[in-house]
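Top to bottom, those sequences are chains A, B, C and D.
Going left to right, the first sequence walks through residues 1 to 84 as the numbering used here numbers them.
Going left to right, the second sequence walks through residues 1 to 84 as the numbering used here numbers them.
Going left to right, the third sequence walks through residues 1 to 153 as the numbering used here numbers them.
Going left to right, the fourth sequence walks through residues 1 to 153 as the numbering used here numbers them.
Glycine included, each C-beta is placed from N, C-alpha and C at the ideal position.
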Amino acid sequence: MVKLVYFAWVRERIGKSEEEIVLPDSVTTIDDLLDHLKQRGEEYRNALEHSDVIRVALDHRHSQHDAAIGGASEIALFPPMTGG
Amino acid sequence: MVKLVYFAWVRERIGKSEEEIVLPDSVTTIDDLLDHLKQRGEEYRNALEHSDVIRVALDHRHSQHDAAIGGASEIALFPPMTGG
Amino acid sequence: MKPTIRVQSEDFDIAAEIQALTAGNPDVGAVVTFTGVCRDEAGRLAALELEHYPGMAEQEISRIATRADGRWPLTGLAAIHRFGRIRPGENIVLVVAASKHRQAAFEAASFMMDFMKSRAPFWKKEIFLDGTDGGWVDARSTDEDALDRWSQK
Amino acid sequence: MKPTIRVQSEDFDIAAEIQALTAGNPDVGAVVTFTGVCRDEAGRLAALELEHYPGMAEQEISRIATRADGRWPLTGLAAIHRFGRIRPGENIVLVVAASKHRQAAFEAASFMMDFMKSRAPFWKKEIFLDGTDGGWVDARSTDEDALDRWSQK
Chain A
1 MVKLVYFAWV RERIGKSEEE IVLPDSVTTI DDLLDHLKQR GEEYRNALEH SDVIRVALDH
61 RHSQHDAAIG GASEIALFPP MTGG
Chain B
1 MVKLVYFAWV RERIGKSEEE IVLPDSVTTI DDLLDHLKQR GEEYRNALEH SDVIRVALDH
61 RHSQHDAAIG GASEIALFPP MTGG
Chain C
1 MKPTIRVQSE DFDIAAEIQA LTAGNPDVGA VVTFTGVCRD EAGRLAALEL EHYPGMAEQE
61 ISRIATRADG RWPLTGLAAI HRFGRIRPGE NIVLVVAASK HRQAAFEAAS FMMDFMKSRA
121 PFWKKEIFLD GTDGGWVDAR STDEDALDRW SQK
Chain D
1 MKPTIRVQSE DFDIAAEIQA LTAGNPDVGA VVTFTGVCRD EAGRLAALEL EHYPGMAEQE
61 ISRIATRADG RWPLTGLAAI HRFGRIRPGE NIVLVVAASK HRQAAFEAAS FMMDFMKSRA
121 PFWKKEIFLD GTDGGWVDAR STDEDALDRW SQK
């Protein structure tokens, strides 16, 4: 089980702010995860359509899409940040 | 008659903060003025010895040593500034 | 030097933050503050709604602060970022950098802001005057570009 | 935009100056302040005695402010420089720059300070703890060099 959290328009499009899912063994990188999520339904495909702009944090740390998920317990997906 | 004003160690070495003097006709530039003042006594020579570091303002405006004094009514001599 | 990092909904007091960072430290010669303020976008905007990622927001700002502290000789550093509904004229973010010399304080504050803009997990949504949702503010490529100047040195 | 320029012996209130510069202006998105503070120079210093050239000090700071205003899109600019006896921990100088965007505010404040350091007619004398005259502070060549970066752009 891994906890997924969503923010801003990723959250709005998926329609929930967090969920827990079981990852198949074939999902080892963030890219794998994004592909996997897109198969979960229209709302995911809509949210993650332009997956290159989606930012991902593994256990509160920014991570590249080719990074291994490893033992991360919380994975966050969100758009480019607009703080400050 | 022109009013001369002195600041910081220029003031301390000359021993006064201001004075009015009559400039000879031969004094037309700031360089001329510095040379003229050095002939007024030991305290002026001491203050203006390294004349290249002396900064000069004509009527409240920074001026280069080769600038013409023109009709300036107040000429200030001082060391490099250390504000801020 | 332990940076002061806070993520909060309430406003901050700039004078109090400067005081907390400098009081009793006789080596402080320069204090630079940056305050980000909500604009009204030519009168269109009723408010910004700032969403953030609790937990990561504090951690990411701390990581940015640690980098700043390692890069410049700072005597103090504070970063406060608000979340929730913020109206035009209200403060959004504060950075205070204190150092012996002015250049370090200026650069550290500017560095903090550049990285907080594009790396701290906050997202702005515009709320228009008629109450309608104005949508999420797009990230600006100039903000991303601003990070480059810190790696070229 | 009319800059606020003051040369005074009394201290200033940073929060009040920010407020005066930004209140009622919905275009302000970024406010940068610089405060120069008297250091104790490793415990040697009792005070600085700041001499200035009355009249020219205000005029020269105004000229620097006019250049900054012409160079960056500022919504507000204030510069306050103190004179007289200033003890360690006390404020010496304040610059506040407000703009729509952060880069303009940062650069204008930094520009103001660089030029005020080397062009505004102020001179610092150190007074040591035992009451003796510590002499005039020498101008630093790095301060003069700092001006160059503004002409190379």
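**Q.** Positions along the segment 3 to 14 of chain B whose CB lies within less than 9 Å of some CB in chain D
**A.** Val5, Phe7, Ala8, Trp9, Arg11 and Glu12
Q) Using a Cβ-Cβ distance under 8 Å, would Ala72 (chain A) count as near chain C? A) no
Q.
I want to verify the contact list: residues of chain C whose CB lies under 7 Å from the CB of His50 (chain A), in sequence order.
A. Neighbours of His50 (chain A) on chain C: none; closest Cβ ~13 Å, over 7 Å.
Q: Just mark Gly84 (chain B) as buried or exposed, buried being the case when its beta carbon has 16 or more other beta carbons within 10 Å.
A: buried
Q: May I ask you to list, following chain order, the residues of the segment 104 to 133 of chain D that have a beta carbon less than 8 Å from some beta carbon of chain B?
A: Met113, Met116, Lys117, Ser118, Arg119, Ala120, Pro121, Phe122, Trp123, Lys124 and Lys125
**Q.** Integer Cβ distance of Arg119 (chain D) from Gln8 (chain D), believed to fall under 8 Å
**A.** The pair is not a contact, with the Cβ atoms about 19 Å apart (cut-off 8 Å).
Q.
Could you compute how far the alpha carbon of Thr33 (chain C) sits from the alpha carbon of Leu34 (chain B)?
A. 44 Å
(Q) Taking the alpha helix (DSSP H) that Thr22 (chain C) belongs to, which residues open and close that run? (A) Ile14 to Thr22
Q: Please decide whether Glu51 (chain C) counts as near chain A, where near means a Cβ-Cβ distance under 8 Å.
A: yes
**Q.** Three-way DSSP call (helix, strand, coil) for Trp9 (chain A) in this model
**A.** helix
Q: Within its chain, find whatever has a CB closer than 7 Å to the CB of Ile14 (chain B); leave out the 5 residues flanking it on each side and keep chain order.
A: Tyr6, Glu43, Tyr44 and Ala47
Q.
Looking at chain A, is there any beta carbon in it that lies within less than 8 Å of the beta carbon of Gly84 (chain C)?
A. no
Q | Spatial neighbours of Thr22 (chain C) in its chain, beta-carbon cut-off 7 Å, leaving aside the 5 residues before and after | A | Val28, Val31, Gly76 and Ala98
**Q.** Environment of Arg149 (chain C) [buried if 16+ CB atoms lie within 10 Å]
**A.** exposed
Q. What's the call for Arg140 (chain D), buried or exposed, on a 16-neighbour Cβ count within 10 Å?
A. exposed
Q.
Given a cut-off of 8 Å on the beta-carbon distance, is the pair Phe128 (chain D) and Ala46 (chain D) in contact?
A. yes
Q: Decide if Glu19 (chain B) is buried, meaning its Cβ has at least 16 other Cβ atoms within 10 Å, or exposed.
A: exposed
Q. What are the boundary residues of the beta strand (DSSP E) that Trp136 (chain C) is part of?
A. Asp133 to Trp136
Q: State yes or no: is the C-beta of Ile92 (chain D) within less than 8 Å of the C-beta of Ile86 (chain D)?
A: yes
Q) For Lys125 (chain C), which beta-bridge partners are listed by DSSP? A) C:Glu49 and C:Trp136
Q.
Does Asp130 (chain D) pass the burial test, meaning 16 or more other C-beta atoms within 10 Å, or should it be called exposed?
A. exposed
Q: Reducing DSSP to helix, strand and coil, say where Glu18 (chain B) ends up.
A: strand
Q. Residues in the segment 57 to 69 of chain D with C-beta within 7 Å of chain B's C-beta atoms, listed in sequence order?
A. Gln59
Q.
What does the Cβ neighbour count give for Val10 (chain A), buried or exposed, with the cut at 16 atoms within 10 Å?
A. buried
Q: Count the other C-beta atoms from every protein chain shown that fall within 10 angstroms of the C-beta of Ser110 (chain D), then say buried if there are 16 or more, exposed otherwise.
A: buried
(Q) When you compare the CB of Ala76 (chain A) with every CB in chain C, is at least one pair closer than 8 Å? (A) yes
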